[in-house]
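What follows is a single structure, written as structure tokens, with notes after it.
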Amino acid sequence: QNHREVGQRLFWCLLAEMNDPRSTPRFSILLKAYYDNCGFFQETLSKQFDIQTFLKNIACNVVNQKFTNKGERVKFCQRELENLNRLLPEEFNVCLDPTLVATHLQSKKCKVMNSRKKPLWLQFSNTDRKECGGKPILVMFKSGDDLRQDQMTLQLLRFMDNIWLDNGLNLKLTPYQCVSSGEQVGMLELVTNADTTANIQKQHGGKLGALNKNSLKQWLDENNPDVFKNAKAVETFVHSCAGYCVATYVLGIGDRHSDNIMISKEGHLFHIDFGHFLGHFKSKFGVKRERTAFVFTKEMAFVMGGKGNENYENFVKLCCRAYNCVRAHGDELINLFRLMIPAGMPELVDDDCIAYLAQKLCLSHTDEDAAEIFKKEINTCLADVYRRIDNLIHNWKVS
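In the UniProt record's numbering, the protein residues as written are 1 to 399.
As structure tokens, then:
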């Protein structure tokens, strides 16, 4: 099973990099050598490749054809997916994870997302095998976006999570699966039982929900009416919020609007869509949209009970401890970024791009000084009014 997993990831990784002329000759040889010698797994990979090709064609048609309304676009997509079902084999692996075995697309439950590139929300029927759990397989298929940066960022989140776990810190991250399967195309795992902070804000405050400090707490309370489950959800929120605050701070993750931060019903806060990192923050007409190094708003602090509450103080301690754990592996983290420079991602082209990372790691400081620096960053985030105004504008725009 491990051989299959490594082989499948290698196959798609090589395909995703094949469009770079500098890599094509070398990677094409490696790809052919693996494919010619992977035995019975050839058939599995061929099925995956064909399915990815079909899905890419459907995604392109969904974007390029003109529709009078959203409903018409969704119906067109569902018809195309139903036609694809007739061509699918009885069983096939999803390229996202070799352990996921699907039988067909549940076309009536698939839809087209609202964002500019119109990604496809897909639901596959799982096999009835006990090891697969039997639950539907939910993925998002994207065409027109370079998912290599998302894939790299999620891998770095797993790297940090392993550091924290080795140091006895379980910060309850949600590093969902992501595979870049070619030029500007790929798949992402969809996390269930979760919603964006944008939707939560609109549910609990309407158009002005982004300014309502109670919104996140109200949503968690509604989904966890039991006292003990509620306390567990808040604890999970505190830990996961600390983890993502530190990770996004160090990596310089940008474009952190309210649709790119989600919360599960169990309290896991997590970030999605990592199209900007290393301090490439968004601006509009020369005005900075993001004025803090990470997102920690009054709504988040309110879930913890606010300053002085035990949960809030624990959050600060977790942040400082997690930050120093990552700093202890700072050189390793910098080297991982250096290894990815040849990939030619637009925000990682040379050593100068990594200067932001080195600056945020504060490698010349003591742990005590670094902890104080991070505490100041937390206070800066809480005092920032513009982040909430930006969320307000974003929610209006999307609505």
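All C-beta atoms, glycine included, are put in the ideal place defined by N, C-alpha and C.
Taking DSSP's pairing of strands, which residues face residue 270 in a bridge? 262
Determine the direct distance from the alpha carbon of residue 271 to that of residue 192, and round the result to whole angstroms. 14 Å
Taking its Cβ as the centre, do 16 or more other Cβ atoms sit within 10 Å of residue 231, making it buried, or is it exposed? exposed
Can you list, in chain order, the stretches of the alpha helix (DSSP H) that have 4 or more residues and sit fully within the stretch 48-87? 70-85
Is residue 48 closer than 8 Å to residue 95 when the C-beta atoms are compared? yes
Proximal residues to residue 350 (C-beta, below 8 Å), its chain only, five neighbours per side dropped: 341
Proximal residues to residue 320 (C-beta, below 6 Å), its chain only, five neighbours per side dropped: 371, 374
Residues of its chain near residue 273, where Cβ-Cβ distance is below 6 Å and the 5 sequence neighbours each way are ignored: 260
Do you know whose CA, among 152, 51, 99, lies nearest residue 122's CA? 51
From what residue to what residue does the beta strand (DSSP E) around residue 178 run? 178-182
Does DSSP classify residue 253 as helix, strand or coil? coil
Pull up the distance between the alpha-carbon of residue 40 and that of residue 171, whole angstroms please. 40 Å
Determine whether the beta carbon atoms of residue 263 and residue 166 lie at a separation below 8 Å. no
Helix or strand or just coil, what does DSSP make of residue 196? strand
Rank 358, 322, 345 by C-alpha distance to the C-alpha of residue 238 and give the top, closest one. 322
Considering only heavy atoms of the ligand MG, does any lie closer than 7 Å to the CB of residue 200? Absent from the structure shown: the ligand MG. Ligands present: none.
Once DSSP output is grouped into helix, strand and coil, what is the label at residue 99? strand
Kindly give me the distance between the Cβ atoms of residue 148 and residue 345, rounded to whole angstroms, as I take these residues to be in contact under 8 Å. 6 Å
Report buried or exposed for residue 283, applying the criterion of at least 16 other Cβ atoms within 10 angstroms of its Cβ. exposed
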